[in-house]
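Novice: One line per chain: the protein sequences are R and A, in this order. The opening position of the first sequence corresponds to residue 4 in my numbering, with each subsequent residue numbered one higher. The opening position of the second sequence corresponds to residue 4 in my numbering, with each subsequent residue numbered one higher. Before I ask anything, here is the structure I am working with.
2 protein chains.
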Amino acid sequence: MSKKILVTNDDGIDSKGIAALIEVAKSFGDVLVVAPDKPQSGQGHAITLVEPIRVEPYLHFKNVTAFKCSGTPVDCVKMAKSVLFKNEKIDLCVSGINHGSNASLNIIYSGTMSAAMEASIDNINSIGFSLLDYSSNADFTASKHYASILIEKMLSYKNGHGTLLNVNIPKSDIADIQGWKICKQGKGGWIEHFQEGQDPRGGKYYWMGGTFENNKNHPDTDLWALENNFVSVVPCMHDLTDYDAMETLKSLE
Amino acid sequence: MSKKILVTNDDGIDSKGIAALIEVAKSFGDVLVVAPDKPQSGQGHAITLVEPIRVEPYLHFKNVTAFKCSGTPVDCVKMAKSVLFKNEKIDLCVSGINHGSNASLNIIYSGTMSAAMEASIDNINSIGFSLLDYSSNADFTASKHYASILIEKMLSYKNGHGTLLNVNIPKSDIADIQGWKICKQGKGGWIEHFQEGQDPRGGKYYWMGGTFENNKNHPDTDLWALENNFVSVVPCMHDLTDYDAMETLKSLE
């Protein structure tokens with residue numbers, strides 16, 4: 004039976020990255036798409052509770068059942084699972100290809116990765132793909148090559164629960180990429196610089212910007228892999244328990 | 004020198020829960036508040052990138068420097084650290100007290116916990132408090148008692164990085180609560196039921212609702228603790244790497 008692959012993203016259904024991912028996914032089975040009707044970068048695991056969600060068919064992909072959704076990336080996956088494709092057995096969920104890095108700490112802010120995580124909670128193998136290029140017209144050639152490799156592997160990989168992968172691809176020609184590598188989440192973070200300004204009516208505003216600081220990471224991290232032109236593949240989970248801390252904190256009870 | 008305690012939440016600056024938490028925090032030091040100007044439940048780790056953020060002084064708390072912010076809970080913490088209180092050394096961040104549970108999987112959707120996590124990234128000990136009562140007029144008596152105990156402990160606890168705690172309090176009289184307990188994140192999840200409807204103009208909409216399913220948890224989990232009338236205290240982290248899966252996945256390289 005043909006495999007069913009759910010595709011979503013956070014840059015919006017009309018972004019170049021999701022079109023690239025759909026093209027790859029189509030060679031492995033039936034593609035079902037639910038993606039935001041507008042950019043939703045930085046939405047993390049946000050869900051829409053206080054207002055309704057709208058969905059409309061989206062007709063621009065050939066031989067693909069697609070819907071655009073007014074909600075967040077996680078809303079899209081919940082709508083896919085509970086309403087739009089509730090009668091389908093989804094074999095794999097892929098999210099992206101994101102325009103920009105979701106390596107290291109970026110994962111916690113990332114709508115792309117939160118959407119993939121939401122699918123993995125229901126024991127669906129899930130992969131978030133991100134290219135280290137924020138341009139809306141980025142070149143996804145190398146990304147598609149590695150997406151194809153990893154989709155094939157994850158369609159047959161079974162471990163009893165949903166495996167979730169955070170895949171980041173360097174901004175390089177395919178010939179220069181050294182392959183792919185299982186990594187852990189590297190240490191780094193954003194140094195925020197808020198731009199302060201005044202709107203036309205005299206109101207003060209702050210606009211978030213910042214620079215990402217890479218904390219000199221070891222070769223087993225995604226940040227090291229990407230700096231050295233490897234595709235980084237980090238297995239992730241939604242259990243946030245700090246098991247090491249549990250032991251020491253028990254002494255405070 | 005007096006301790007500096009940053010207070011935030013996701014229910015909004017005029018909720019009863021944050022007033023209760025401020026009252027407790029004031030007995031331990033100087034209280035600095037940045038909280039959303041409207042309810043932001045379910046915002047997870049969302050940040051505001053595509054539009055500006057506004058802040059205004061909020062004058063309803065006595066002897067407390069407070070700002071209301073147009074952004075998400077994580078935006079509030081970033082504004083506190085980078086703009087509003089950038090010259091202060093924050094000793095502890097507390098978030099809540101949330102109206103409703105953030106135990107188990109709820110942590111990933113929770114603005115309350117994401118705000119606390121954001122502070123912990125900068126090595127600030129941080130605690131998210133949640134009461135298992137969604138009512139806007141919930142009774143926070145027991146919550147305040149346990150918040151006081153845990154704030155005191157975390158103000159003096161040092162382990163070289165920011166310790167993050169997810170604290171949930173049963174909806175019970177203080178006399179019936181059995182104490183507090185270090186736990187791990189329990190297994191459970193939401194079964195979504197989307198309400199389908201038609202708006203006055205004939206447009207179809209979906210509205211997210213659901214029921215939480217507790218997957219028969221062991222006594223070392225937060226869900227077990229809460230069912231047995233303990234306050235649950237789960238140490239959490241922002242490294243989402245699944246270290247166990249790394250080993251098995253390396254065989255696919």
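For every residue, glycine included, the Cβ atom is placed at its ideal position computed from N, Cα and C. Nothing here was measured: the structure is a model prediction, and the numbers come from that model.
Give every residue of the same chain whose Cβ lies closer than 6 angstroms to the Cβ of residue 213(R), excluding the five residues on either side of it in the sequence, and list them in chain order.
Specialist: Reading the first sequence from its first residue, position 210 is the one you call residue 213(R). 193, 194, 195, 196, listed in sequence order.
Novice: Can you name the residues of chain R whose CB is closer than 7 angstroms to the CB of residue 45(A)?
Specialist: As a position in the second sequence, residue 45(A) is number 42, starting the count at 1. Per Cβ cutoff of 7 angstroms: 49, 50, 52.
Novice: Quick check: the Cα distance between residue 246(A) and residue 238(R), rounded to an integer number of angstroms?
Specialist: Within the second sequence, residue 246(A) is the residue found at index 243, counting from 1. Within the first sequence, residue 238(R) is the residue found at index 235, counting from 1. Rounded to the nearest angstrom, the two C-alpha atoms are 8 angstroms apart.
Novice: Please list, in chain order, all residues of the same chain as residue 118(R) whose beta carbon is under 7 angstroms from its beta carbon, the five residues on each side excluded.
Specialist: Your numbering for residue 118(R) matches position 115 in the first sequence. Cβ neighbours of residue 118(R) beyond the five flanking positions: 11, 13, 76, 77, 79, 80, 98.
Novice: So is residue 117(A) in contact with chain R if we call contact Cβ pairs under 9 angstroms?
Specialist: Your numbering for residue 117(A) matches position 114 in the second sequence. Yes, residue 117(A) counts as interfacial toward chain R.
Novice: Apart from the five residues on each side of it in sequence, which residues of its chain come closer than 7 angstroms, Cβ to Cβ, to residue 106(A)?
Specialist: Looking up residue 106(A) in the second sequence gives position 103. For residue 106(A), where only same-chain residues beyond five positions count, the Cβ hits under 7 angstroms are 171, 189, 225, 226, 229, 235.
Novice: Going straight from the alpha carbon of residue 96(A) to that of residue 205(A), what length do you get?
Specialist: Taking the second sequence and counting its residues from 1, one reaches residue 96(A) at position 93. Taking the second sequence and counting its residues from 1, one reaches residue 205(A) at position 202. If you take the alpha carbons of residue 96(A) and residue 205(A), they lie about 46 angstroms apart.
Novice: Report yes if the C-beta distance between residue 114(R) and residue 39(R) is below 9 angstroms; otherwise report no.
Specialist: Locating residue 114(R) in the first sequence gives position 111, where the first residue counts as 1. Locating residue 39(R) in the first sequence gives position 36, where the first residue counts as 1. Their beta carbons are under 9 angstroms apart, which means residue 114(R) touches residue 39(R) by this criterion.
Novice: To the nearest angstrom, how far is the alpha carbon of residue 136(R) from that of residue 108(A)?
Specialist: The residue labelled residue 136(R) in the question sits at position 133 within the first sequence. The residue labelled residue 108(A) in the question sits at position 105 within the second sequence. Cα-Cα distance, rounded: 32 angstroms.
Novice: Nearest CA to the CA of residue 254(R): which residue from 256(A), 242(A), 208(A), 156(A)?
Specialist: What you label residue 254(R) is simply residue 251 of the first sequence in a count that begins at 1. It is 156(A) whose Cα lies nearest to the Cα of residue 254(R).
Novice: Would DSSP call residue 115(A) helix, strand or coil?
Specialist: As a working mapping, residue 115(A) is identified with position 112 in the second sequence. Here residue 115(A) sits in helix by DSSP.
Novice: Taking DSSP's pairing of strands, which residues face residue 197(R) in a bridge?
Specialist: Residue mapping note: residue 197(R) aligns to position 194 of the first sequence, counting from 1. According to DSSP, residue 197(R) bridges with 211(R).
Novice: Tell me, please, whether the region 208-222 of chain A touches the region 136-147 of chain A by the rule of three or more beta-carbon pairs shorter than 8 angstroms.
Specialist: With the cut-off at 8 angstroms, the region 208-222 of chain A and the region 136-147 of chain A do not touch.
Novice: Is the region 151-169 of chain A touching the region 121-132 of chain A in the sense that three or more CB pairs, one from each, lie closer than 8 angstroms?
Specialist: Taking 8 angstroms as the limit for Cβ pairs, the verdict is that the region 151-169 of chain A does touch the region 121-132 of chain A.
Novice: Between the region 142-166 of chain R and chain A, which residues of the former have CB atoms less than 8 angstroms from a CB of the latter, in chain order?
Specialist: Result list: 156, 160, 162, 166.
Novice: May I ask which residues mark the beginning and end of the alpha helix (DSSP H) holding residue 78(R)?
Specialist: Stepping through the first sequence from its first residue, residue 78(R) is reached at position 75. Start and end: 76-82.
Novice: Mind checking residue 58(R): buried by the 16 CB within 10 Å criterion, or exposed?
Specialist: Position 55 of the first sequence, counted from the first residue, corresponds to residue 58(R). Its Cβ being crowded by 16 or more others within 10 Å, residue 58(R) is buried.
Novice: Using a Cβ-Cβ cut-off of 9 angstroms, state whether residue 170(R) counts as contacting chain A.
Specialist: Position 167 of the first sequence holds residue 170(R). No, residue 170(R) does not count as interfacial toward chain A.
Novice: Residue 92(R) to residue 122(R), Cα distance in whole Å?
Specialist: Reading the first sequence from its first residue, position 89 is the one you call residue 92(R). Reading the first sequence from its first residue, position 119 is the one you call residue 122(R). Rounded to the nearest angstrom, the two C-alpha atoms are 12 angstroms apart.
Novice: Can you tell which of 187(R), 21(R), 112(R), 167(R) has the C-alpha that lies nearest to the C-alpha of residue 64(R)?
Specialist: Indexing the first sequence from 1 puts residue 64(R) at position 61. Cα-wise, what sits closest to residue 64(R) is 21(R).
Novice: May I ask which residues mark the beginning and end of the beta strand (DSSP E) holding residue 184(R)?
Specialist: Looking up residue 184(R) in the first sequence gives position 181. Where residue 184(R) is concerned, the enclosing beta strand (DSSP E) stretches over 183-185.
Novice: With respect to the beta strand (DSSP E) encompassing residue 56(A), which residues constitute its N-terminal and C-terminal limits?
Specialist: Your numbering for residue 56(A) matches position 53 in the second sequence. Segment: none, residue 56(A) is in no beta strand (DSSP E) and carries neither H nor E.
Novice: From 16(A), 111(A), 48(A), 33(A), pick the residue whose C-alpha is nearest to that of residue 42(A); which is it?
Specialist: Here residue 42(A) refers to the residue found at position 39 when the second sequence is read from its first residue. Taking only the C-alpha atoms, the option nearest residue 42(A) is 16(A).
Novice: Can you give the Cα-Cα distance for residue 167(A) and residue 31(R), rounded to whole angstroms?
Specialist: As a first step, residue 167(A) must be located in the second sequence, where it is residue number 164. As a first step, residue 31(R) must be located in the first sequence, where it is residue number 28. Spanning the two alpha carbons is a distance of roughly 42 angstroms.
Novice: Which whole-angstrom value describes the C-beta separation of residue 174(R) and residue 233(R), a residue pair presumed to lie in contact below a C-beta threshold of 8 angstroms?
Specialist: To locate residue 174(R), count along the first sequence from 1; it is residue 171. To locate residue 233(R), count along the first sequence from 1; it is residue 230. At roughly 13 angstroms, the Cβ-Cβ gap does not stay under 8 angstroms, so residue 174(R) and residue 233(R) are not in contact.
Novice: Could one say the Cβ of residue 106(A) lies closer than 9 angstroms to chain R's Cβ atoms, at least one of them?
Specialist: Along the second sequence, one-based indexing puts residue 106(A) at 103. No, residue 106(A) does not count as interfacial toward chain R.
Novice: Applying the criterion that 16 or more other CB atoms from any shown protein chain within 10 Å of the CB defines a buried residue, is residue 62(R) buried or exposed?
Specialist: Mapped onto the first sequence, residue 62(R) falls at position 59. Exposed is the call here.
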